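Taken in order, these protein sequences are the chains called A and B. With positions in the first sequence counted from 1, the corresponding number in the working numbering is that position plus 100. With positions in the second sequence counted from 1, the corresponding number in the working numbering is that position plus 343. Data block below; observations after.
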Amino acid sequence: MGRREPEFPNDLLVGLHVLVVEDNADARDLFRTILEYAGGLVSVAPDAKQALLLCQHIVPDVLVADIVMPEHDGFWLLQQLRAAGGRTAAIPAVAVTGQAEGTGRFAAAGFATHLRKPVDPWELCRIVAHLGRRR
Amino acid sequence: MGRHEFADSLRGVYVLIVDDNATRRQLLHEVLQYCGALVRDADGVEVAHAVLREVTPSVMVLAVGAPADEAWALVRFVRSRRLEHGGKMPAVAVGPGALADTARLNGVDAYVVEPVDAWALCRLVAEVTDC
């Protein structure tokens, strides 16, 4: 039986800007739908380079990044953002990955936390809310 | 302004975005629409002029880069219009910090330095439109 979240607040992410970086179009759309359901302002990028470009124009409150992407992975993306300096370097980030990785690598790269796919949508929203409000 | 207030802070505001950079234009659109504004995009000054011939937006948000002459000319054009045709329409510019002073000298009411904070932009647009 699936888990239901009857108490889930649909305004949990209101006033938070989330950037989702995910190369798989279906997954990108899924994450956007979940985060918008919780009231977030959501922007999306299909790869790490596009995400970097977006961050030159705007600083999201929270980054949700896939790890395995063609050309440049999520670790590379976070390394670039951290090196950018200013507010961009301080964007809190959540990694999502379908592959088993040691927790230490995410922390060393600067991710606040990571989620294994398939992701629990409510957990994703709660983590994003927590990181966004902490800024 | 609390975070919850942003979601509807620009209700009833018609924003004209003028930006030839598609990525940034989309971002600005998402932010302002999220805050409740009715948003129209123009991918350049010519399209902006075409829009201004048809409607009078509440505020213009224009992205500037180098050269920025076209952007300043657009602001001066708006300022030259009669009051009932939007002559006092506020203009908010988005761009590099180095152009902030020039923007104000050319009639821009508020300037947001890139990279933009979405909520700072919404707050400024609300302020210049007296929301």
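Note that the Cβ used here is the ideal one computed from N, Cα and C, for glycine as well. In this text, all values refer to a predicted model and were calculated from it rather than measured experimentally.
Nearest to residue i (by Cα), restricted to the options the options
i, options, result
"Ile134(A)", "Ile227(A), Trp222(A), Arg234(A)", "Trp222(A)"
"Asp166(A)", "Ala208(A), Asp111(A), Gln199(A), Gly204(A)", "Gln199(A)"
"Pro192(A)", "Glu201(A), Leu181(A), Gly202(A)", "Leu181(A)"
"Val228(A)", "Gly115(A), Cys155(A), Gly186(A)", "Gly115(A)"
"Val468(B)", "Ala446(B), Gly450(B), Pro439(B), Ala434(B)", "Ala434(B)"
"Trp462(B)", "Pro218(A), Ile158(A), Gln179(A), Ala127(A)", "Ile158(A)"
"Gly355(B)", "Asp363(B), Ala380(B), Gln369(B)", "Ala380(B)"
"Leu177(A)", "Leu231(A), Leu113(A), Leu141(A), Glu122(A)", "Glu122(A)"
"Pro293(A)", "Gly210(A), Cys225(A), Leu231(A), Arg234(A)", "Summary: the structure shown does not reach residue 293(A), with chain A confined to residues 101 through 235, and so no result is reported for it."
"Gly204(A)", "Phe175(A), Leu154(A), Ala151(A), Glu171(A)", "Phe175(A)"
"His230(A)", "Ala127(A), Leu153(A), Val162(A)", "Val162(A)"
"Val142(A)", "Val388(B), Leu370(B), Val437(B)", "Leu370(B)"
"Met432(B)", "Glu348(B), Val402(B), Ser352(B)", "Val402(B)"
"Gly186(A)", "His428(B), Asp460(B), Glu427(B)", "Asp460(B)"
"Glu136(A)", "Gln150(A), Asp111(A), Pro170(A)", "Asp111(A)"
"Asn124(A)", "Lys217(A), Arg233(A), Gly140(A), Gln156(A)", "Lys217(A)"
"Leu154(A)", "Thr188(A), Ala209(A), Ala208(A)", "Thr188(A)"
8 angstroms contact criterion, which residue i and residue j should meet: CB distance rounded
i, j, result
"Val118(A)", "Pro160(A)", "6 angstroms"
"Phe131(A)", "Val164(A)", "6 angstroms"
"Glu413(B)", "Pro439(B)", "That pair is no contact at about 16 angstroms."
"Arg422(B)", "Gly430(B)", "6 angstroms"
"Val455(B)", "Val471(B)", "That belief does not hold up - the Cβ atoms of Val455(B) and Val471(B) are roughly 11 angstroms apart, past 8 angstroms."
"Leu448(B)", "Ala411(B)", "Incorrect: roughly 11 angstroms between the Cβ atoms, too far for contact."
"His172(A)", "Ala138(A)", "The pair is not a contact, with the Cβ atoms about 28 angstroms apart (cut-off 8 angstroms)."
"Cys378(B)", "Ala350(B)", "7 angstroms"
"Ala393(B)", "Val361(B)", "Actually they are not in contact, since the Cβ atoms of Ala393(B) and Val361(B) sit about 11 angstroms apart, beyond 8 angstroms."
"Leu359(B)", "Ala391(B)", "6 angstroms"
For residue i, the residue or residues it bridges with in DSSP
i, result
"Met403(B)", "Leu359(B), Ala434(B)"
"His214(A)", "Ala195(A)"
"Ser143(A)", "Leu119(A)"
"Tyr377(B)", "According to DSSP, which records beta bridges pairwise, Tyr377(B) is partnered with nothing at all."
"Ala441(B)", "In the DSSP output, where bridge partners are listed per residue, Ala441(B) has none listed."
"Val163(A)", "Looking at the sequence shown, residue 163(A) is not Val but Leu. Note: Leu163(A) sits in a beta bridge opposite Leu119(A), Ala193(A)."
"Tyr454(B)", "Ala436(B)"
"Arg383(B)", "Leu359(B)"
Straight-line gap, residue i to residue j (C-alpha atoms, nearest Å)
i, j, result
"Val382(B)", "Leu215(A)", "35 angstroms"
"Leu113(A)", "Ala127(A)", "19 angstroms"
"Val398(B)", "Arg367(B)", "23 angstroms"
"Glu105(A)", "Glu201(A)", "28 angstroms"
"Leu152(A)", "Phe211(A)", "16 angstroms"
"Phe206(A)", "Thr213(A)", "7 angstroms"
"Leu475(B)", "Val219(A)", "Nothing can be reported for residue 475(B): it is not among the residues displayed for chain B, which extend from 344 to 474."
"Ala145(A)", "Pro170(A)", "13 angstroms"
"Gln150(A)", "Asp129(A)", "16 angstroms"
"Leu426(B)", "Ala446(B)", "21 angstroms"
"Ala183(A)", "Val194(A)", "17 angstroms"
"Pro400(B)", "Ala208(A)", "48 angstroms"
"Asn364(B)", "Gly387(B)", "9 angstroms"
"Glu348(B)", "Gly140(A)", "13 angstroms"
"Leu395(B)", "Gln179(A)", "44 angstroms"
"Val120(A)", "Tyr357(B)", "28 angstroms"
"Ala190(A)", "Arg466(B)", "22 angstroms"
Cβ contact (3+ pairs, closer than 8 angstroms) linking the segment 405-417 of chain B and the segment 373-380 of chain B: no
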